[in-house]
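Colleague:
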Amino acid sequence: MLQSEEVLQVAKNYTPFDLPVGVYVITKDGRFVECNRQVREILSLPPDGTLDASIVNFYMDPSQRDAFYEQLARHGSQSTPLKFVLPLKVNGREKYVEDYSRPIFDDAGEVLGYICCMVDVTDEYRANRLFESLPVGAYQLDAQDKSVHANKAFARILGYRSPEEIEGRPVKDFYVHAHEADALRQLIDRTKVVEKYVSELRKQDGETIFVQVSAHKIETPDGAYAGREGTMMDVTQEERYRRIMKDVPVGLYTIRQENGQDRLVHCNDQYAALFGYASQKDMIGLDAKNLHATTQDYLDFMAALNDKARHNQPLNGHLLKLTNKDGGGLVAEVNCRALKDLKGQTIGRTGSLRDVTEEAALREKLKQLTYDFGNVLHDYTSTLLMVQLSITSALRAFHPDPFRPEVEVSVEEAAAMVAPPAARLAASLGQLLALAKSEDRAMALPAERWLDLSDALAKLEDYEQRIPTPDFRPIFLGEVAWEVQTLADQIDRKRFSRELLRQVHDDAQNLARIVHLISLRRTRDAVLEMDHQVRALREFVTADVRRREPRVVCKVARLISQARMNLDEYARSRGVLVRVKLDNPDYEIFVVPREVVRALANLLHNAIKYSWSRPQDKSPWINVRASAVKGKLQLQFENWGVPIPKDEIEGDLVFNMGFRGKLSGDRGRIGTGIGLTDARQVARWHGGDLTLQSHPAIASRRDDDYKSPFLTTVTLTLPLHEGKGD
Amino acid sequence: MKTKFLWIEDNANTNLSYLMMPIYNSGKYDPIIALSVADGLHRLWQTEFAAVVLDIRLPPGNDPQWTKLYNLSGHNRGAAQLGLALLIALLRPQESEIDLGNRPAWLKPDKIKPERFGVLSVESEFEVTNKLEELGITVRHEKTAHTTPGTLLDMVNQIMQKTKPGGVLR
């Protein structure tokens, strides 16, 4: 007998109940007819004896039984048994069985009962359920790193609907940087296990995410890499936060107040680096009070923070003086917020620190320089005063002064004033030279000196032709007068009449005196003009250093009067008439008076400076007019004189710091190029503005005829105080 | 007998010497010059003056209290404003961090008269006028290049006018 036949023969001696799986027969309503040992073990039934039990009693949900039988009934007598995974309850515990049932029919074809098999799959079921329902992705890769198996969470993390869409795909497909996949494989191959390894992946829709992988190597029996399996968590938010903490160029921290200490509970490495620590781990737990330079600094900071906290506001931009690990000082800008408990009590703070030590030092230096600059300018004022007083004293030495007192000497006046003494000197010198033609008198001076005197006479006689620009004539004549005086003093007095020589000497001295007067008067005028420049510059430079003064309601008339008073002397010296007209004497504005007076003085100074002298006895004038337009004050400063070219106005160049227009140096006018810029800044800071217009004073003139006078109007606009006077 | 007045001004002998000529020419006054705060205090303690004119940006002189105050300002006369600090110490001792010690009778808090003081300084009106008015000082001139030689004499005359019996006191 063949061995197989023998095996079959013996096998036929076994019944289905001898199979190594649970086998049982039940009636149609579920009562056990018979079952084998495996079923008794699965269902914890007595190991032997009759069975007085029903499978229905083991169903987790008895109603499932009906559905189950309906399905069996539909299945009918098909040869393949139906397979179900049934959840059962055995002794109160959940158990899962894989159940194969087949109906048994009577002769009439009615269901008599069922013959069934069951296998206990509780462990597998639970494992599978866990695998599928895990909130983390679980996966398995083969030796080529292709996805063999993945759970739903894995698919969901990567933005896919089901694991099937992923299975079979190379894992590199999901990496933002493919080399990172290789690196991880090599690491696992080498170490066999990795934990919390962070990779950057790309989801199906292209979004990139960070995942944390824990996996172990699958090995062939000889230890070769056969794949890997593990879990994957989406840690995008945490990783991004971690990277921000790591990369952000400021120190971030959280401090909790515990037992009278300000305990540092969290910070990043940048925070630690600020204080000279290698890592944030070295700082956690420290009492942050000790990081402040002094106890008073800490108390001041806490007072400021608590003040803000009372209004539920953060404390921003506060400067802190701190101490690093080695006792060195640093200055940091802190932006932080108080942390409160449920009762509203402050329990700590969180915020950021930025090292501004260098910036603070620079600020301090700038402040110091500004003070120093202010001091230098202060000294300038003293020096200018001394120069002015010295000149005033020196002018007495040249008495009598033929010019109008306290009024600038114009070019025309100067040119006119030197003409008569120049003519007188020419006459006396001519007389001297005529007498010198005789032989004995020629001996009174070397021949070349007589030639020099003849040359001087020629200069005196035709200086207007030689010097077309009147500005230079006085200086020229001064030089000639000095030359004549020097030469005349060398003449042998025995050969000429004393009276004639004295006449030449006196005439030369008188011409020189007038020229010196002009020169000194002009120097004094320049000093007086410079005085405003220096004071205005000092005000401008130190404006930011000074504490910002409060705004107050001011009468416009008073502010104009103050600015005008500051420039009274200057206007007088220029002979400029300042005409002020206010449509309403009660106009009020809400401003910082010091700032506005400075702006007004700048505008007034410009108007005076750039006014041209008028012919004959007419004084140059400035019109200052105040009116109200739509709730705003309009202050117009109008002057007649130096043009401002169109391109300088249209290009806003006149308002550029330090800009001086191409015609602003007309007749030696000096300036810093700050006045208009400063005035506009002041206007805008108060919610107003500054505009400028300049056009030919004579309508028929071209607007680029800069030899003709222009009417220039600067308009300062400021909000009227509550429409007062509107 | 000429009236004694004190001018506390570090530039009195140099840049501002021209301002003294009209004083001497007037023949009315016997001016005493002090070049620093310490020097000024020394003079004030020695003599009763009918008028005192002082600068705002004064050097401290040889006095530890004033030197300390000056040093605290970063050795900066503009920031220290020791002239103003001196006026506060004299006229509002309760607001001052300087203790002037035992004062002569005419400078006792209940005797001192702000009308006797005037300020001649480079500070603009907005920088010090309010503070000076709070102290009761109304005779004030801003030093500019336009300042005339007669300015100091005018100021002393104004002070004398305000302090004489029946004078206009503000």
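Keeping their order, the protein sequence lines are chains U and G. Residue numbering for the first sequence follows the working numbering, starting at 1 and increasing by one per position. Residue numbering for the second sequence follows the working numbering, starting at 1001 and increasing by one per position. No residue lacks a Cβ here, since even glycine has one placed at the ideal position from N, Cα and C. Remember, predicted model here, so these are calculated numbers, not experimental data.
#1: Just the C-alpha distance for U/Pro87 and U/Tyr69, rounded to the nearest angstrom, thanks.
#2: Is the Cβ of G/Tyr1018 closer than 8 Å to any Cβ of chain U?
#3: Mind checking if U/Glu408 is an interface residue toward chain G, Cβ cutoff 8 Å exclusive?
#4: Under 8 Å, do U/Ala481 and U/Leu425 count as touching if we go by C-beta distance?
#5: Rounding to the nearest angstrom, what Cα-Cα distance links U/Leu720 and U/Tyr587 in this structure?
#6: What residues from chain U crowd round G/Ala1012, counting only those whose CB sits closer than 9 Å?
#7: Below 8 Å, how does it come out for the segment 559-570 of chain U and the segment 590-606 of chain U: are there three or more Cβ pairs, yes or no?
#8: Just the Cα atoms here: how many angstroms apart are G/Leu1041 and G/Ala1051?
#9: Alpha carbons only, please: which of U/Pro620, U/Gly260, U/Gln212 and U/Met302 is nearest the one belonging to U/Asp287?
#10: Apply the 10 Å Cβ neighbour rule to U/Lys95 and answer buried if 16 or more other Cβ atoms are within range, or exposed otherwise.
#11: Of all the CB atoms in chain U, is at least one closer than 8 Å to the CB of G/Pro1149?
#12: Assuming G/Met1175 and G/His1146 are in contact, meaning their beta carbons sit under 8 Å apart, how far apart are those beta carbons, in whole angstroms?
#13: Quick one, are the C-beta atoms of U/Leu315 and U/Lys308 less than 8 Å apart?
#14: So, at 8 Å on beta carbons, what are the nonlocal neighbours of U/Val515 in its own chain, with the 5 sequence-adjacent residues on each side left out?
#15: Looking at the structure shown, is U/Leu8 part of a helix, part of a strand, or coil, going by DSSP?
#16: With 8 Å as the threshold, decide whether the Cβ of U/Leu389 is near any Cβ in chain G.
#17: For the beta strand (DSSP E) holding U/Arg263, just list the boundary residues, first then last.
#18: At what residues does the beta strand (DSSP E) containing U/His75 begin and finish?
#19: For U/Ile698, count neighbouring Cβ atoms within 10 angstroms of its own Cβ and tell me buried if that reaches 16, exposed if not.
#20: U/Ser63: buried (16+ other C-beta within 10 angstroms of its C-beta) or exposed?
#21: Taking the beta strand (DSSP E) that U/Tyr253 belongs to, which residues open and close that run?
#22: Are U/Gly137 and U/Thr231 touching if we call contact CB-CB under 8 Å?
#23: Spell out the partners DSSP gives U/Ser352 in its beta bridges.
#24: Let me check understanding here. Comparing Cα to Cα, which of U/Val33, U/Val176, U/Asp300 and U/Asp372 lies closest to G/Asn1076?
#25: Return the residues of the segment 1127-1144 of chain G that lie within a Cβ-Cβ distance of less than 9 Å from chain U, sorted by chain order.
#26: So, is U/Asn566 buried or exposed, given that buried needs 16 or more other C-beta atoms within 10 angstroms?
#27: Do U/Val90 and U/Ser147 have their C-beta atoms within less than 8 Å of each other?
#28: Roughly how many angstroms lie between the CA atoms of G/Glu1127 and G/Ala1105, to the nearest whole one?
#29: So which of U/Ile188, U/Val211, U/Ser214 and U/Tyr175 has the shortest CA-CA distance to U/Arg202?
#30: According to DSSP, is U/Thr523 helix, strand or coil?
#31: Excluding five sequence neighbours on each side, which residues of the same chain lie with their C-beta closer than 6 Å to the C-beta of U/Tyr380?
#32: For the segment 633-651 of chain U against the segment 706-718 of chain U, do three or more pairs of beta-carbon atoms, one drawn from each stretch, fall closer than 8 Å, so that the two count as touching?
#33: For the beta strand (DSSP E) containing U/Asn57, name the first residue and the last one.
#34: Under three-state DSSP, which class holds G/Ala1172?
#35: Counting C-beta neighbours from all protein chains within 10 Å, is the total for U/Thr469 16 or more, i.e. buried, or is it exposed?
#36: Since G/Arg1043 and G/Leu1006 should fall inside the 8 Å C-beta cutoff, what is the C-beta to C-beta distance between them, to a whole number of angstroms?
Modeller: On the basis of the coordinates in this document:
#1: Position 87 of the first sequence, counted from the first residue, corresponds to residue 87 of chain U. Position 69 of the first sequence, counted from the first residue, corresponds to residue 69 of chain U. Straight-line Cα distance between these residues: approximately 15 Å.
#2: Sequence index remark: in the second sequence, residue 1018 of chain G carries index 18 (1-based). Yes, G/Tyr1018 counts as interfacial toward chain U.
#3: The residue given as residue 408 of chain U occupies position 408 in the first sequence. U/Glu408 does not count as touching chain G.
#4: In the first sequence, residue 481 of chain U corresponds to position 481, counting from 1. In the first sequence, residue 425 of chain U corresponds to position 425, counting from 1. In contact: U/Ala481 and U/Leu425 (Cβ atoms closer than 8 Å).
#5: As a working mapping, residue 720 of chain U is identified with position 720 in the first sequence. As a working mapping, residue 587 of chain U is identified with position 587 in the first sequence. If you take the alpha carbons of U/Leu720 and U/Tyr587, they lie about 7 Å apart.
#6: Counted from its first residue, the second sequence places residue 1012 of chain G at position 12. Neighbours of G/Ala1012 on chain U: none; closest Cβ ~11 Å, over 9 Å.
#7: yes
#8: Along the second sequence, read from residue 1 onward, the residue named residue 1041 of chain G stands at position 41. Along the second sequence, read from residue 1 onward, the residue named residue 1051 of chain G stands at position 51. Taking the straight line from one Cα to the other gives about 14 Å.
#9: What you label residue 287 of chain U is simply residue 287 of the first sequence in a count that begins at 1. Cα-wise, what sits closest to U/Asp287 is U/Gly260.
#10: Working through the first sequence from its first residue, we reach residue 95 of chain U at position 95. Answer is buried; the Cβ neighbour count reaches 16.
#11: Here residue 1149 of chain G is taken as the residue at index 149 of the second sequence, counted from 1. Closer than 8 Å: yes.
#12: The displayed coordinates of chain G run from 1001 to 1170. Any statement about residue 1175 of chain G would go beyond what the structure contains.
#13: Indexing the first sequence from 1 puts residue 315 of chain U at position 315. Indexing the first sequence from 1 puts residue 308 of chain U at position 308. Yes; because the gap between Cβ atoms is below 8 Å, this pair is in contact.
#14: As a first step, residue 515 of chain U is located in the first sequence; it is residue number 515 there, counting from the start. The residues are Val418, Pro474, Ile475, Leu477, Gly478 and Ala481.
#15: The residue given as residue 8 of chain U occupies position 8 in the first sequence. Residue state, collapsed to three classes: helix.
#16: In the first sequence, counting from the first residue as 1, residue 389 of chain U sits at position 389. Closer than 8 Å to some Cβ of chain G, the Cβ of U/Leu389 qualifies, so yes.
#17: Here residue 263 of chain U is taken as the residue at index 263 of the first sequence, counted from 1. First-last of the beta strand (DSSP E) with U/Arg263: Gln261 to Cys267.
#18: As a working mapping, residue 75 of chain U is identified with position 75 in the first sequence. Where U/His75 is concerned, there is no enclosing beta strand (DSSP E), although the alpha helix (DSSP H) it sits in stretches over Ser63 to His75.
#19: By 1-based counting over the first sequence, the position of residue 698 of chain U is 698. By the neighbour-count rule (16 or more Cβ atoms within 10 Å), U/Ile698 is not buried but exposed.
#20: Residue numbering aside, residue 63 of chain U sits at position 63 when the first sequence is read from its first letter. Exposed, because fewer than 16 other Cβ atoms sit within 10 Å of the Cβ of U/Ser63.
#21: Numbered from 1 along the first sequence, position 253 holds the residue referred to as residue 253 of chain U. First-last of the beta strand (DSSP E) with U/Tyr253: Gly251 to Glu258.
#22: What you label residue 137 of chain U is simply residue 137 of the first sequence in a count that begins at 1. What you label residue 231 of chain U is simply residue 231 of the first sequence in a count that begins at 1. Yes.
#23: Taking the first residue of the first sequence as 1, we reach residue 352 of chain U at position 352. Paired residue(s): U/Leu252 and U/Asn335.
#24: What you label residue 1076 of chain G is simply residue 76 of the second sequence in a count that begins at 1. Out of U/Val33, U/Val176, U/Asp300 and U/Asp372, U/Asp372 has the C-alpha closest to the C-alpha of G/Asn1076.
#25: Glu1127, Glu1142, Lys1143 and Thr1144
#26: Walking along the first sequence from the start, residue 566 of chain U turns up at place 566. Per the 10 Å Cβ criterion, buried.
#27: What you label residue 90 of chain U is simply residue 90 of the first sequence in a count that begins at 1. What you label residue 147 of chain U is simply residue 147 of the first sequence in a count that begins at 1. Against a cut-off of 8 Å, the Cβ pair of U/Ser147 and U/Val90 comes out as no contact.
#28: In the second sequence, counting from the first residue as 1, residue 1127 of chain G sits at position 127. In the second sequence, counting from the first residue as 1, residue 1105 of chain G sits at position 105. Going from the Cα of G/Glu1127 to the Cα of G/Ala1105 covers about 32 Å.
#29: As a working note, residue 202 of chain U is residue 202 in the first sequence. The residue with the shortest Cα to Cα distance from U/Arg202 is U/Tyr175.
#30: Here residue 523 of chain U is taken as the residue at index 523 of the first sequence, counted from 1. In the structure shown, U/Thr523 sits in a helix (DSSP, three-state: H, G or I).
#31: The count along the first sequence starts at 1 and reaches residue 380 of chain U at position 380. For U/Tyr380, where only same-chain residues beyond five positions count, the Cβ hits under 6 Å are Val534.
#32: yes
#33: Within the first sequence, numbered from 1, the residue matching residue 57 of chain U stands at position 57. Where U/Asn57 is concerned, there is no enclosing beta strand (DSSP E), given that its DSSP letter is neither H nor E.
#34: Nothing can be reported for residue 1172 of chain G: it is not among the residues displayed for chain G, which extend from 1001 to 1170.
#35: Taking the first sequence and counting its residues from 1, one reaches residue 469 of chain U at position 469. Result: exposed.
#36: Counting from one through the second sequence, the residue named residue 1043 of chain G turns up at place 43. Counting from one through the second sequence, the residue named residue 1006 of chain G turns up at place 6. The Cβ separation is near 6 Å, so the contact holds.
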